[in-house]
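Numbering (full-length UniProt numbering), first residue to last: 1 to 649.
Note that the Cβ used here is the ideal one computed from N, Cα and C, for glycine as well.
To start, the structure itself, in structure tokens.
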Amino acid sequence: MLTKKTCLLFIIPLIIFAQIYQVDTIFVTASRVTASLEKLPVATAIIPRDLIFLKTFGDFSLLFGKEGIDIRNYSLLKGLTSLSIFGSSAQQVLILIDGLPFYSPMSGICDLGLISVHNIERIEVVKGPASSIYGANALGGVVNLITQSPLTLKPERLSYSARFLSGSYQTSNLSLSSGFNLKERFGFLLALHQDKTKGMRSNEDGFSRGINLATTYTNLLRLDFAHEWKEVGLPGPMPGKDQIPPYGDSTASSLYDRQKDGLSLLKGEISLPITLNLRIRISPFLVNNTTSFHWIDQFSPDSAVYEDTYKIRTAGGSLISSFSGEETPLHLSFGLDYRDDYATIHSYFYDFSSFAYKDTVYQPRGNKFGLFLEGSLLSQPTFSPSIRYDWDKKSGGFCSPGLGITYPLPFGKFRFHTGRGFRAPTFNDLYWPRAGNPDLKPEEGWTNQAGFDTKRFSFTLFSRRTKNLIAWFPDSAGLWRPSNVDRQEIIGIEWRLELPILKRITFSLSGDWKKAVQIRKEMVFSPDSLIVVRRRSAFLPQWKILPSFFFKDPDHLISLEGDFIGDKVNYYPAYDSFPKVYMKEKKLPAYFLLGFRMEQRVWREIFLSFSIENLFNVSYAEVFGNTISDRNYPRPGRSFFFGLRMKNF
Numbered sequence: 001m002l003t004k005k006t007c008l009l010f011i012i013p014l015i016i017f018a019q020i021y022q023v024d025t026i027f028v029t030a031s032r033v034t035a036s037l038e039k040l041p042v043a044t045a046i047i048p049r050d051l052i053f054l055k056t057f058g059d060f061s062l063l064f065g066k067e068g069i070d071i072r073n074y075s076l077l078k079g080l081t082s083l084s085i086f087g088s089s090a091q092q093v094l095i096l097i098d099g100l101p102f103y104s105p106m107s108g109i110c111d112l113g114l115i116s117v118h119n120i121e122r123i124e125v126v127k128g129p130a131s132s133i134y135g136a137n138a139l140g141g142v143v144n145l146i147t148q149s150p151l152t153l154k155p156e157r158l159s160y161s162a163r164f165l166s167g168s169y170q171t172s173n174l175s176l177s178s179g180f181n182l183k184e185r186f187g188f189l190l191a192l193h194q195d196k197t198k199g200m201r202s203n204e205d206g207f208s209r210g211i212n213l214a215t216t217y218t219n220l221l222r223l224d225f226a227h228e229w230k231e232v233g234l235p236g237p238m239p240g241k242d243q244i245p246p247y248g249d250s251t252a253s254s255l256y257d258r259q260k261d262g263l264s265l266l267k268g269e270i271s272l273p274i275t276l277n278l279r280i281r282i283s284p285f286l287v288n289n290t291t292s293f294h295w296i297d298q299f300s301p302d303s304a305v306y307e308d309t310y311k312i313r314t315a316g317g318s319l320i321s322s323f324s325g326e327e328t329p330l331h332l333s334f335g336l337d338y339r340d341d342y343a344t345i346h347s348y349f350y351d352f353s354s355f356a357y358k359d360t361v362y363q364p365r366g367n368k369f370g371l372f373l374e375g376s377l378l379s380q381p382t383f384s385p386s387i388r389y390d391w392d393k394k395s396g397g398f399c400s401p402g403l404g405i406t407y408p409l410p411f412g413k414f415r416f417h418t419g420r421g422f423r424a425p426t427f428n429d430l431y432w433p434r435a436g437n438p439d440l441k442p443e444e445g446w447t448n449q450a451g452f453d454t455k456r457f458s459f460t461l462f463s464r465r466t467k468n469l470i471a472w473f474p475d476s477a478g479l480w481r482p483s484n485v486d487r488q489e490i491i492g493i494e495w496r497l498e499l500p501i502l503k504r505i506t507f508s509l510s511g512d513w514k515k516a517v518q519i520r521k522e523m524v525f526s527p528d529s530l531i532v533v534r535r536r537s538a539f540l541p542q543w544k545i546l547p548s549f550f551f552k553d554p555d556h557l558i559s560l561e562g563d564f565i566g567d568k569v570n571y572y573p574a575y576d577s578f579p580k581v582y583m584k585e586k587k588l589p590a591y592f593l594l595g596f597r598m599e600q601r602v603w604r605e606i607f608l609s610f611s612i613e614n615l616f617n618v619s620y621a622e623v624f625g626n627t628i629s630d631r632n633y634p635r636p637g638r639s640f641f642f643g644l645r646m647k648n649f
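In structure tokens:
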């Protein structure tokens, strides 16, 4: 465990350095229309394109070093990756692609391993509830992945870019893109990529490829198509010492479990100016996702490999009208969202009557409607009220209000926001064969935050109370089923300080601290004996400190970034004194990581890059395993990556 003296030894040398990012002042995620960053009442973060290229090797690890955000990776590359914002669960964070909600209706989680980072122009993060604008699953916050538009290319020429990266664990990725912008009226952009790795453990290899196509006609019409395909090994947690599983080895719980995914996305946007101040935007979309799991039963002498198949189709769209006038300080937007999820699942479940696995087919379906109204009164202070009503057949209706206030100060701004958010039950919660609970309510909670921002410093105080959290518990018959039984209370702070040391050198010190408590029912003697227990919330580090150095000029980009991450806890039921049941605590210890990254222009628009991740070769994990005795999901040790990038735009 890191001591205070050890932390100081690492921080003091870094304080002489610095970091600053110059970003646009237009933000599109905290509102369904573009808004000025200085008018937003919530904590936000923006990651521009140059940092995406510098800090990623094909995944979303670049979000790791952001205050208020916790990222969880199950494998080296293209495995399941999820996010937490301000102590939320992954199911309470809504991922958007160009404003389109993107998540699996089965689990409620967006697997970031299914999304390519190669054509992303910037990433915008809203820290705080956005259900009053986006509806379900935005209780904790929103991450919007904004892809590159053909109209950003230089006009009247064929534009291209290429990038190749290779490094540790036989990891490599190749991305190519080309397009044109004809008189800023018609644009076309094609992007291809391929990522692969052998992985750091047995059965941790991964391979993916994808294509992205975007066409635009002025600002009136845009059409996007994307297809992603990936195959990854599922090694599971690292087994405990001297606990080699029957179908695994010393590094992997399984040598046979595999996952294949195919994803197709078609989306469009039509923007119609009705008058000078009134605009209507129509955004239809269609998503098809097929996932196959190949797995083997670790507890059966039968070595048969089973295959579960999930075919999911999601269709929907949004209709948004927005009004903004130059002569009035009032901005309004009104919208309607519709989403239809349909799934066909072939899954093997154990049949106790025949003592064998049987293929079970079920076809859940859900429809969601949402109406929202948001406004902004551009006075001093600026008031930003919003309200949304969501309805679906199973969960019924839910109303999500929100109110934000910003007040300009001589040196920056003060902001306040309060809002109600919710997370809808998933298909797994509602329809799981023999165990689903169709009577579940949405998870819901209120979040409050207040903060102030200056050019060099940002501070946020936040709190959230959440109830009706969904957890799986045994019923009176001993059958494990999901129920609304848990609650969570959390209070915390986040901050960011940027100090210019020299003309092009900046030091940044950011971080967060949170006190999170879970209130949940736990078994004591049998499924009929439950008590309510308050404990420190599982899976969440209490603190994070992120010192970093950043240097940038036209020919160089250099960063040295540290990550101090606090310990995490999880709880596992123990049955060694049955019928008495109690909880054992397991910890992931605190750790410190240091990463060095640089990019050098070698000739015109050709750049070489080099990075060292986990410079001190620290052994650590971000995700707990399945039992108290396993060694969790380990992350890579010291890793080296070399890259070549060229572009003419």
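Anyone know if the C-beta pair for residue i and residue j falls short of 7 angstroms?
{"i": "Ser559", "j": "Arg597", "result": "yes"}
{"i": "Ser384", "j": "Ser395", "result": "no"}
{"i": "Lys647", "j": "Ser149", "result": "no"}
{"i": "Pro425", "j": "Thr360", "result": "no"}
{"i": "Lys568", "j": "Leu546", "result": "no"}
{"i": "Leu594", "j": "Phe564", "result": "no"}
{"i": "Leu37", "j": "Gly206", "result": "no"}
{"i": "Tyr633", "j": "Tyr134", "result": "no"}
{"i": "Lys39", "j": "Thr382", "result": "yes"}
{"i": "Asp195", "j": "Ser208", "result": "yes"}
{"i": "Gly402", "j": "Ser202", "result": "no"}
{"i": "Gly511", "j": "Glu67", "result": "yes"}
{"i": "Asp341", "j": "Thr314", "result": "yes"}
{"i": "Arg222", "j": "Glu184", "result": "no"}
{"i": "Ile109", "j": "Leu145", "result": "no"}
{"i": "Gln259", "j": "Val287", "result": "no"}
{"i": "Tyr348", "j": "Tyr357", "result": "yes"}
{"i": "Pro237", "j": "Ser253", "result": "yes"}
{"i": "Thr290", "j": "Lys311", "result": "yes"}
Between residue i and residue j, how many whole angstroms is the CB-CB distance? I'm expecting something under 8 angstroms.
{"i": "Arg601", "j": "Phe607", "result": "5 angstroms"}
{"i": "Phe490", "j": "Arg464", "result": "At residue 490 the sequence reads Ile, which differs from the Phe that was named. About 5 angstroms separates the two Cβ atoms, so the contact holds."}
{"i": "Phe352", "j": "Leu644", "result": "In fact, because the Cβ distance is near 58 angstroms, the residues do not count as touching under 8 angstroms."}
{"i": "Leu409", "j": "Arg456", "result": "Contact doesn't hold; Cβ gap of about 14 angstroms is too wide."}
{"i": "Phe188", "j": "Gly199", "result": "Contact doesn't hold; Cβ gap of about 36 angstroms is too wide."}
Ends of the beta strand (DSSP E) at residue i?
{"i": "Ser611", "result": "Ile606 to Glu613"}
{"i": "Phe642", "result": "Ser639 to Lys647"}
{"i": "Asp576", "result": "Lys568 to Ser577"}
{"i": "Ile109", "result": "No beta strand (DSSP E) contains Ile109, which DSSP labels as neither H nor E."}
{"i": "Tyr306", "result": "Val305 to Ser324"}
{"i": "Asn448", "result": "Glu443 to Thr454"}
{"i": "Val232", "result": "Leu221 to Gly233"}
{"i": "Met238", "result": "No beta strand (DSSP E) contains Met238, which DSSP labels as neither H nor E."}
{"i": "Glu38", "result": "It is not in any beta strand (DSSP E) - Glu38 carries neither H nor E in the DSSP assignment."}
{"i": "Arg339", "result": "Leu330 to Asp351"}
{"i": "Thr81", "result": "Thr81 to Ile85"}
{"i": "Val623", "result": "Ala621 to Val623"}
{"i": "Lys413", "result": "Gly412 to Arg423"}
{"i": "Lys198", "result": "No beta strand (DSSP E) contains Lys198, which DSSP labels as neither H nor E."}
{"i": "Glu585", "result": "Lys580 to Leu588"}
{"i": "Asp261", "result": "Arg258 to Pro273"}
{"i": "Phe550", "result": "Trp543 to Asp553"}
Let's test the definition: count the other Cβ atoms within 10 Å of the Cβ of residue i and tell me whether it reaches 16, buried, or not, exposed.
{"i": "Glu605", "result": "exposed"}
{"i": "Asp24", "result": "With a pLDDT of 43 at Asp24, under the threshold of 50, the modelled position of that residue is not reliable, and the figure given next carries that caveat. Result: exposed."}
{"i": "Pro482", "result": "buried"}
{"i": "Ser354", "result": "exposed"}
{"i": "Thr29", "result": "buried"}
{"i": "Arg638", "result": "exposed"}
{"i": "Glu443", "result": "buried"}
{"i": "Tyr407", "result": "exposed"}
{"i": "Gln91", "result": "buried"}
{"i": "Leu234", "result": "buried"}
{"i": "Ala574", "result": "exposed"}
{"i": "Glu534", "result": "The amino acid at residue 534 is misidentified as Glu; the sequence shows Arg. Counting Cβ neighbours within 10 Å, Arg534 comes out exposed, since fewer than 16 surround it."}
In terms of residue numbering, what span does the alpha helix (DSSP H) encompassing residue i cover?
{"i": "Arg49", "result": "Arg49 to Lys55"}
{"i": "Asp429", "result": "Phe427 to Tyr431"}
Please find out if some non-hydrogen atom of the ligand NAD comes closer than 6 angstroms to the beta-carbon of residue i.
{"i": "Leu223", "result": "Among the components modelled here there is no ligand, and therefore nothing to report on the ligand NAD."}
Next on the checklist: Ignoring anything shorter than 4 residues, give me the alpha helix (DSSP H) runs that lie fully in the region 97-168, in order along the chain.
Outcome noted: 131-134
Next on the checklist: Which complete beta strand (DSSP E) runs does the region 477-519 hold, if anything under 3 residues is left out?
Outcome noted: 480-500
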